[in-house]
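For the sequence shown, the positions run 3 to 711 when this note's numbering is used. C-beta: ideal position from N, C-alpha, C; glycine also. Model, not experiment: these values are computed from the prediction.
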Amino acid sequence: MADDLNDVTDDETNESSEAQIAVHWREEDYYEPPAALTAQANASDPAIREQFTEDKFPDCFTAYADLLTWYKPWDTVLDTSTAPFWKWFVGGELNASYNCVDRHMQTHPNKAALIWIPEPETEAHQAITYRELYVRVNEFAAVLKDLGLKAGDRITFHMPMVPELPVAMLAAARLGVVHSQVFAGFSGTAAGHRIADSGSTVLVTMDGYYRSGDLLDHKVKADEAVEAAAKEGQHVDKVLVFRRYPGQYSAKTPMVEGRDVFVDDLLAAHKGEIVEPARLSATDPLFLMYTSGTTGRPKGCQHSIGGYMSYVAGTSKYYQDIHPDDTYWCMADIGWITGHSYIVYGPLALGTTSVMYEGTPNYPDAGRPWRIAQQLGVNIFHTSPTAIRMLRKVGPDEPAKYNYHFKTMTTVGEPIEPEVWRWYYETVGKGQAAITDTWWQTETGGFLGSTLPGIDKMKPGSCGPAALGIYPVILDEDSHEVPRGSGKAGNICIRAPWPGEFQTIWGQPERFVSTYYAKYNRDPESKDWHDWPYFAGDGALEAADGYFRILGRVDDVINVAGHRLGTKELESAALTVNEVAEAAAVPVIDDIRGRVVEMYISLKPGVEASADVENKVKVAIETDIGKIARPKNIWIVPDMPKTRSGKIMRRVIAATSNFTDTGDISTLANPEVVDKIREQVQSAKRAKGEVPRELSETEEHEIKSFGQE
Ligand code: 6R9
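Set out below in structure tokens:
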């Protein structure tokens, strides 16, 4: 894939900053927002920015909170007394389920809230009206209540992309039960760790679902999950099993007597039941979303009801430009934060129609997304660079065959290459849609950097300016501010809190402070938010026009297809294999998935390298984490390159896997091993035709500094 970032000459480059993140890139040309979009946009007047300037902070965000219906208005917009555990809309009371369901059911009961597209094209799509959603959410809430679940309890979902998932989320939210949805592609063991971490006693799952033409047995993962949770001391009382085809069991694994129950059976006992939405405090938790960090233990990011709901409603309105009569499709999975914020809570809070698709984007062919868009009249489309790259590769001419019209298109999850951006703009958007490249994180709840689609010019490869009410700053390693607009790179931080921000890491408040605040905090005793910049963990630069370009993670996290995998998680999975002595995971640049994982292992004395060991490592990773983490290659090496203090030098093996220069190895305890590994790995890769294209400067920098403190 051509990469414009390679085509740089010296006078077009920027110098590296003190943060030592070198970046060399060419300024891309601007694209104007389409006039027809601007004419109807929720944000059509640039003066909207004046309502969110710093002198109006934090009250500016009441404009977002006002999009919701509150039982009781807040007394304090932002309470900083327990810094950096910010509290938004303190004293306010509301219910997320009421805001996404009841109030729209009252005004437009017959409008589709969700349209679900099963993967098999032979199965008809299902439109679920707001009235029907209301009925289903209430019935399932009655089921949960009957199990004794109440506000503040946690419940884990391990659900595929079916309407039962948003129904279950909204039912939990109705009661104030904190949900934790684990991506269905994750393994049962991964779900089990999250059940244990969150202290859930109930698991909600499904018998099966379609991916790429196969009806997968998903229930089998529930058994693994319950077992894994039990090993960590967490007992699961009930496993609620939805059936892909009600009345018919699609899994082979037996139901466990006394523990497993079919949800359709339970629902029958609660037909037509209504459960009053609980009046909950704005600062009560709505859900946990687990994400990876630098240690093996995943982080349960806890999001609030009032702040989170306000922020996703506001950003859905202004950045997705959602109007109630739009048909909006976010082709992502609800198992990730994108799906929580921008399939379920944001769009439904605004009372629009949100499309959900069960399967893989290119099934049965690369025209599928565009057929769906044409059939349903989708006018707002949202997906990830990985999906765009894949569809561009397998079906570059498909969009032209279908008659649909998008007004805005979003990308999220990782930087999008200007070349791929242009295909998205010209071929998918037919030159008529604005692209919003949205930079944000699981932790941040909603967008932090993006263009306002009706107002701002687009610039391929940059997410755009800071979102409304967000005040970023780029800091170097010595806490000095990198001059604004200088194009110099450093660590992007957000100076002030915002309502969508997570409240804490579930059960690990000290880790919340140490990971996101300790680095740049000026005074641990301070109650003034000015002393607590939020450290996002991404390298970035700000160009002269105020647009941010995100360069990627500065920690040991590998972003595979837009999803963060912790190296420590991958490595500890490999280390569960008895023969393995040491393991190191590194990223390899991949034209479709952004990054893929390669695993290096060394074996215990006396153990011979074999395909059998390799396979055990692969299975261990798939079992512990899921297929998304499957390494592209597993290299069994005689020894790992190490510092004199015994630390594995991940940057050296990352350079080897990516065919770049290994840099200075003079400080290694065993420099001789580097040549051996290079010869072994690179000749095997050449034989498999896996020599990568030349890397861009930023990619090269990422690889060469991978795993450095
Ligand atoms: C929403 C989501 C967060 C990390 C983030 C950054 C990368 C996300 C991006 C982007 C460049 C964008 N990232 N969006 N990089 N441009 N538009 O993706 O959450 O899974 O937690 O990942 O993804 O590195 O820090 P999450």
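query                                                                                                                              : result
Endpoints, the alpha helix (DSSP H) within which GLY348 is located                                                                 : 348 to 351
Boundaries of the alpha helix (DSSP H) in which ALA375 is found, first to last residue                                             : 370 to 378
Every unbroken alpha helix (DSSP H) within the region 31 to 76, with a cutoff of 4 residues, ordered by chain                      : 37 to 42, 64 to 67
Selection from ALA174, GLY447, HIS272, THR78 that minimises the alpha carbon distance to GLU141                                    : HIS272
Whole-angstrom distance between ALA622 and ALA686, CA atom to CA atom                                                              : 23 angstroms
Rounded C-alpha distance that separates GLY308 from ILE157                                                                         : 20 angstroms
Helix, strand or coil at GLY596 according to DSSP, with G and I counted as helix                                                   : strand
Beta bridge counterpart(s) of CYS2 as assigned by DSSP                                                                             : With the chain running from 3 to 711 in the structure shown, residue 2 is simply not present.
When ASP262, PRO633, ILE594 are compared against ALA575, the one with the closest alpha-carbon                                     : PRO633
Limits of the unbroken alpha helix (DSSP H) element including TRP423                                                               : 420 to 425
Heavy atom of the ligand 6R9 within 7 angstroms of HIS305 beta-carbon                                                              : no
Length of the line joining the Cα atoms of THR700 and CYS102                                                                       : 42 angstroms
Which residues DSSP lists as bridging LEU149, in chain order                                                                       : None, per the DSSP bridge assignment.
The alpha helix (DSSP H) enclosing ILE552, as first and last residue numbers                                                       : Where ILE552 is concerned, there is no enclosing alpha helix (DSSP H), although the beta strand (DSSP E) it sits in stretches over 550 to 555.
Where the beta strand (DSSP E) through TYR717 begins and ends                                                                      : Because the chain here runs from 3 to 711, residue 717 falls outside it and cannot be looked at.
Alpha-carbon spacing of ARG695 relative to GLN682, whole angstroms                                                                 : 20 angstroms
Classification of GLY691 by the beta-carbon crowding that lies within 10 angstroms, buried from 16 upward                          : exposed
Beta strand (DSSP E) segment containing GLN684, residue limits                                                                     : Premise fails: GLN684 lies in the alpha helix (DSSP H), 674 to 689, not in any beta strand (DSSP E).
Assigned secondary structure, PHE717 (DSSP; H/G/I helix, E/B strand, else coil)                                                    : Missing from the structure shown is residue 717; the chain here goes from 3 to 711 and no further.
Exposure of ASN617, with buried meaning 16 or more beta-carbon neighbours within 10 Å                                              : exposed
CYS465 CB to nearest heavy atom of the ligand 6R9 below 7 angstroms                                                                : yes
Selection from ARG373, GLY554, HIS407, ILE382 that minimises the alpha carbon distance to GLU400                                   : ARG373
Residue interval of the alpha helix (DSSP H) (run including ARG156)                                                                : Unbroken run through ARG156 is the beta strand (DSSP E), 156 to 159; no alpha helix (DSSP H).
GLY548 vs PRO467 beta-carbon contact at 8 angstroms                                                                                : yes
Burial state of GLU704, where buried means 16 or more other Cβ atoms lie within 10 Å                                               : buried
Short Cβ contact (8 angstroms threshold) for ILE667 with ILE638                                                                    : no
Straight-line Cα distance separating CYS495 from PHE537                                                                            : 5 angstroms
Residues of its chain near VAL579, where Cβ-Cβ distance is below 6 angstroms and the 5 sequence neighbours each way are ignored    : LYS618, VAL619, ALA622
Residue burial classification, PRO589 (beta-carbon count within 10 angstroms, cutoff 16)                                           : buried
For ASP327 and ASN798, the rounded distance between their alpha carbons                                                            : The question about residue 798 has no answer, for the chain in this structure spans 3 to 711.
contact_flag[the region 187 to 203, the region 233 to 244] where n(CB pairs < 8 angstroms) is 3 or more                            : yes
Cut-off 7 angstroms between Cβ atoms - residues of its own chain near ILE472, not counting five sequence neighbours on either side : LEU450, ILE496, TRP500
Between the CA atoms of ASP323 and SER452 - distance to the nearest angstrom                                                       : 12 angstroms
Nearest-angstrom Cβ-Cβ length linking PHE504 and GLN250, presumed shorter than 8 angstroms                                         : Not quite, the Cβ-Cβ distance comes to about 40 angstroms (not below 8 angstroms), so this is no contact.
ILE50 versus TYR73: straight-line alpha-carbon distance, rounded                                                                   : 28 angstroms
Cut-off 7 angstroms between Cβ atoms - residues of its own chain near ALA231, not counting five sequence neighbours on either side : GLY194, ILE197, ALA198, VAL238
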